[in-house]
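The working numbering puts the first residue of the sequence shown at 35, with every later residue one more than the last.
C-beta: ideal position from N, C-alpha, C; glycine also.
Treat the numbers as computed from the prediction; the structure is a model and nothing was measured.
Some notes on the structure that comes next.
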Amino acid sequence: MILWLWQQTYWFPAVIFLGGLAVISWLFEKIVNEFTYLWLWIVRWFEDTIKGQKSNR
């Protein structure tokens, strides 16, 4: 009986696992995109600051 139940429900953990992986990868992609945008903005601001300091002298 337990073996039969396991055979009926073995796909359930797999579905949860795949769903979790999909959600995690989606969240990871969102976070990486946000960090990339933030990093590019910081680098641009930093370059502008350095250029501004050089042009002021």
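Would you report the Cα separation of residue i and residue j, rounded to the nearest angstrom?
{"i": "Leu72", "j": "Leu37", "result": "52 Å"}
{"i": "Trp79", "j": "Glu68", "result": "16 Å"}
{"i": "Trp57", "j": "Tyr44", "result": "In the sequence on display, residue 57 carries Val and not Trp. Approximately 21 Å, taken between the alpha carbons."}
{"i": "Gly53", "j": "Thr70", "result": "26 Å"}
{"i": "Ser59", "j": "Ile76", "result": "25 Å"}
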